[in-house]
Structures are given as structure tokens and as C-alpha cells.
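Peer 1: In the working numbering, the protein residues as written are -9 to 301.
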Ligand SMILES: Cc1ncc(COP(=O)(O)O)c(C=O)c1O
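1. Of the choices 150, 71, 280 and 10, whose alpha-carbon is the least far from that of residue 43?
2. I need the straight-line Cα distance from residue 226 to residue 138, nearest angstrom please.
3. Can you check whether the CB of residue 131 is closer than 8 Å to the CB of residue 184?
4. Just to confirm, is the Cβ distance from residue 197 to residue 119 under 8 Å?
5. What number of angstroms, rounded off, separates the C-alpha of residue 48 from the C-alpha of residue 145?
6. Under 7 Å from any heavy atom of ligand 1, does the C-beta of residue -7 make it?
7. How about residue 36 and residue 7: are their beta carbons less than 8 Å apart?
8. When the distance is taken between beta carbons, is residue 230 closer than 8 Å to residue 77?
9. Is residue 71 near ligand 1, with its Cβ less than 7 Å from a heavy atom?
10. Tell me, which residues are paired with residue 97 by DSSP?
11. Pairs of beta-carbons, one from the region 13 to 25 and one from the region 259 to 271, closer than 8 Å: are there three or more?
12. For residue 142, which residues of its own chain have a beta-carbon under 7 Å away from its beta-carbon, when the five flanking residues on both sides are left out?
13. Quick check: what's the CA-CA separation for residue 50 versus residue 41?
14. Looking at the structure shown, is residue -4 part of a helix, part of a strand, or coil, going by DSSP?
15. Measure the alpha-carbon distance for residue 302 versus residue 281 and round it to whole angstroms.
16. Span of the beta strand (DSSP E) holding residue 257?
17. Can you check which of these residues, 152, 129, 274 and 189, is closest to residue 242 by C-alpha distance?
18. May I ask you to check if the CB of residue 20 is nearer than 7 Å to at least one heavy atom of ligand 1?
19. Keeping to the same chain, check which residues put their C-beta closer than 8 Å to that of residue 57; ignore five residues upstream and five downstream.
20. Please determine whether the Cβ atom of residue 88 lies at a distance below 7 Å from any heavy atom of ligand 3.
21. Would you say the beta carbon of residue 48 is closer than 7 Å to some non-hydrogen atom of ligand 1?
22. Residue 280 by DSSP, collapsed to three states: which one?
23. On the three-state DSSP scale, how would you describe residue 241?
24. Does ligand 1 have even one heavy atom less than 7 Å from the beta-carbon of residue 97?
25. In this structure, does DSSP put residue 123 in helix, strand or coil?
26. Compare the C-alpha of residue 134 against each of 300, 4 and 283 and name the closest.
27. Measure the C-alpha to C-alpha separation of residue 298 and residue 217 and round it to an integer number of angstroms.
28. Touching or not, the region 154 to 163 and the region 20 to 34, by the rule of three or more beta carbon pairs under 8 Å?
29. Enumerated in chain order, which unbroken segments of the beta strand (DSSP E) with a length of 3 residues or greater are wholly contained in the region 149 to 218?
30. Taking Cβ to Cβ, would you say residue 74 is nearer than 8 Å to residue 291?
31. Let's test the definition: count the other Cβ atoms within 10 Å of the Cβ of residue 204 and tell me whether it reaches 16, buried, or not, exposed.
32. Measuring CA to CA, which of 255, 238 and 182 is closest to residue 293?
Shown next as C-alpha cells:
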């Protein structure tokens, strides 16, 4: 697929929603996915129902289980949201989804490449991924995993000569496998780049990489939280390599610019990226630093010192 967004869209828009169906999602759901929910809600009359967070700020799995009923057509959740260190409990959500027989679409855009992700252990029906984030592959490419039984049941929203054979003037036969979700044309260079990035991540060891990411991120959170005027806004029982914070009296965009002058790259996250969560927590724009296993302890010290000098 050409991006995580298109991978997610191919899965989501292929589900034949009917008026009255319900989509259960998380408070921290991503802007691109939620806009698609609203679009389908307007077009077909589905209800989109966010499951509340638990005391750690992750999706409350008990609440999810109690909210499922025969109107529930889909559970769609982001594994690692854009605006914080949170890792949603994907395997626990998958267990609930499987027991209820409800398809589970997992947005793994920010988890694949960062942490071990096993679709069998998680039990998701569909999973969307980008190359350009923690896998560090080329931009403009991603992939969709789709469980074979689900793939056989779903008619992709777009079909072409790769997805189906044209067997009679008024008839086509779809491929029996998940490749029916692919399109004929693609960027071969990007796909090769993604393959190389995946091999590289596997060679380094994703579990080993994640252990180091978590240790580095935890040190960074402690270092930042100890600074007067700096607030770390991450939540979650399990926390990953995304570290988000604000600095009193300095706009996040200025934090970004002033750190960039020192060759330190951070990003800013607009509250609209995760509108439900931002509104519920009263978050404005925040600064995001995403550490990876290759970052050094010295780099993190330099970042903390640079932030200290801003206040
Ligand atoms: C949680 C999440 N899902 C999906 C996407 C979309 O990824 P892409 O822009 O590669 O399609 C992003 C991008 O920031 C994201 O954070």
C-alpha cells in the first residue's frame, strides 16, 4: 500500500456497514481514522462509540467487553497513539474481539518497528503499518495485514486487474487471498526499501531494540519531569519511545525551532491529531521527542540540558 493511511482505509472502507451498526474505538484514536469514521457515520448512519480510558489512560478493556452487543460491527483502535507514550493493550482487546466474533482493525503505524508485534498473539483481523516511522524505511509505502478468512469474506472497496480476473464481459472473479486488496501499480523502489528496512530491524532484534527504547524513553521522561516548568504529558501502563511534554512560557513550535538550532530534532503535535483525548485532557499543542534504540544516553542528556536552558 502507498501509506499506513491507505492500508487502513482499504480495510475500513471495505466493511459493508449498515445503518445502526456500531464502531467501537479508543479515546486516543488518530485523526485520519476518525475522519473516516465520521464520513461513514454521515453516509450510512453507523454510530461511532469511543470506549473510555482506564486509570492508566489506555483503552479500558473491561468497558470494551461490556459495550459489545449485536450492533457492534468493528473494533478499531490505534496501538500507539500520536500524542503520548501510551501503548494500548492490543492483545487484551484482541481476546475480547475474538470471543465476541467482532472484526478488530489495529492501527499499528507507530508500533511496528518499535516493539514486537505478533498478529496471532494479538488476534487482530486487520493491521495497518507505515514504512516511514519506527521501521525507518522510505516514505510513501506501508502495508496491510489481513487475516485470510476475513480477506475471503471482504470485497475490497477498489478492485482492479490484480485483485480479480476478468472472466466474462459482465463478470470478474476475485483472487482468493489477501492480494485482492493490492493494486496493480506500485512504487517498486519503495517496496524494496521497506523490505530492506524490515530485514534490518529483524537483524538488530525488535525485542532487544524495544527494551532499549523503553529504557531510554523512561530516562528522558525522568530527566524532563525533573526540570522546573516542564510537564511530561505521557500516559499508559506500558510506555514506549514517544515522549511528549510542554514547557511553561515557551510555545511548542519555539521549543522545536530552538532545539533544531542545536541539531536536536523534536516535533510538535497539534491537539486535532487526537481530538477526543486532547479535549478530555485539556491538551494544547505539545512537543514530541521519539527515541529509537540507536539514540545514545549522551544525546538524551543534551536534549534535557537544552530544554532546561529554554526556561
Ligand atoms: C497513529 C497513526 N496512524 C496512522 C498514521 C498515518 O500514517 P501515514 O501518514 O504514513 O499514512 C499516523 C501518522 O502520523 C499515525 O500517527
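Using N, Cα and C, we set each Cβ at its ideal position, and we do this for glycine too. These numbers were taken from a predicted model, which means no experiment stands behind them.
Peer 2: Reading off the structure:
1. Position 53 of the chain shown, counted from the first residue, corresponds to residue 43. Answer by Cα proximity: 71.
2. In the chain shown, the residue the question calls residue 226 occupies position 236. In the chain shown, the residue the question calls residue 138 occupies position 148. In this structure, the alpha-carbon of residue 226 lies about 32 Å from that of residue 138.
3. By 1-based counting over the chain shown, the position of residue 184 is 194. By 1-based counting over the chain shown, the position of residue 131 is 141. Going by C-beta atoms, residue 184 is nearer than 8 Å to residue 131.
4. What you label residue 197 is simply residue 207 of the chain shown in a count that begins at 1. What you label residue 119 is simply residue 129 of the chain shown in a count that begins at 1. No.
5. The residue given as residue 48 occupies position 58 in the chain shown. The residue given as residue 145 occupies position 155 in the chain shown. Whole-angstrom Cα-Cα distance: 32 Å.
6. Residue numbering aside, residue -7 sits at position 3 when the chain shown is read from its first letter. The answer is yes for residue -7.
7. As a working note, residue 36 is residue 46 in the chain shown. As a working note, residue 7 is residue 17 in the chain shown. In this structure, residue 7 lies closer than 8 Å to residue 36 by Cβ.
8. The residue labelled residue 77 in the question sits at position 87 within the chain shown. The residue labelled residue 230 in the question sits at position 240 within the chain shown. In this structure, residue 77 lies near residue 230, with their beta-carbon atoms less than 8 Å apart.
9. As a first step, residue 71 must be located in the chain shown, where it is residue number 81. Under cutoff, so the answer is yes.
10. In the chain shown, counting from the first residue as 1, residue 97 sits at position 107. According to DSSP, which records beta bridges pairwise, residue 97 is partnered with 68 and 118.
11. yes
12. Here residue 142 corresponds to residue number 152 of the chain shown, with the count starting at 1. Counting only Cβ-Cβ distances below 7 Å, and skipping sequence neighbours, we find 166.
13. On the chain shown, residue 50 is found 60 positions in, with the first residue counted as 1. On the chain shown, residue 41 is found 51 positions in, with the first residue counted as 1. Computed Cα separation, rounded: 7 Å.
14. Position 6 of the chain shown, counting from 1, holds the residue named residue -4. Residue state, collapsed to three classes: helix.
15. The question about residue 302 has no answer here: the residues shown for the chain are numbered -9 through 301.
16. For the purposes of this step, residue 257 is identified with residue 267 of the chain shown, where counting begins at 1. It spans 257 to 259 - the beta strand (DSSP E) in which residue 257 sits, taken as one unbroken run.
17. As a first step, residue 242 is located in the chain shown; it is residue number 252 there, counting from the start. Of the candidates 152, 129, 274 and 189, the one whose C-alpha sits nearest the C-alpha of residue 242 is 274.
18. On the chain shown, position 30 is the one that residue 20 refers to. Within the cutoff, so yes.
19. The residue you call residue 57 lines up with position 67 of the chain shown. Annotation for residue 57: 14, 39 and 41 place their beta carbon closer than 8 Å to its own, counting only its chain and skipping 5 residues before and after.
20. Ligands in the displayed structure: ligand 1; ligand 3 is not one of them.
21. Within the chain shown, the letter at position 58 stands for residue 48. No.
22. What you label residue 280 is simply residue 290 of the chain shown in a count that begins at 1. Strand at residue 280.
23. Locating residue 241 in the chain shown gives position 251, counting from the first residue. Here residue 241 sits in coil by DSSP.
24. Along the chain shown, read from residue 1 onward, the residue named residue 97 stands at position 107. Yes, Cβ of residue 97 sits closer than 7 Å to a heavy atom of ligand 1.
25. Residue mapping note: residue 123 aligns to position 133 of the chain shown, counting from 1. Correct three-state label for residue 123: coil.
26. For the purposes of this step, residue 134 is taken as residue 144 along the chain shown, with counting starting at 1. Among 300, 4 and 283, the Cα nearest to that of residue 134 belongs to 4.
27. Residue numbering aside, residue 298 sits at position 308 when the chain shown is read from its first letter. Residue numbering aside, residue 217 sits at position 227 when the chain shown is read from its first letter. So the alpha carbons of these two residues sit roughly 6 Å apart.
28. no
29. As for any beta strand (DSSP E) of minimum length 3 sitting wholly inside the region 149 to 218, the runs are 154 to 158 and 161 to 164, ordered along the chain.
30. Numbered from its first residue, the chain shown carries residue 74 at position 84. Numbered from its first residue, the chain shown carries residue 291 at position 301. No, the Cβ-Cβ distance between residue 74 and residue 291 is not below 8 Å.
31. Locating residue 204 in the chain shown gives position 214, where the first residue counts as 1. Result: buried.
32. Position 303 of the chain shown, counting from 1, holds the residue named residue 293. Closest option to residue 293, Cα to Cα, is 255.
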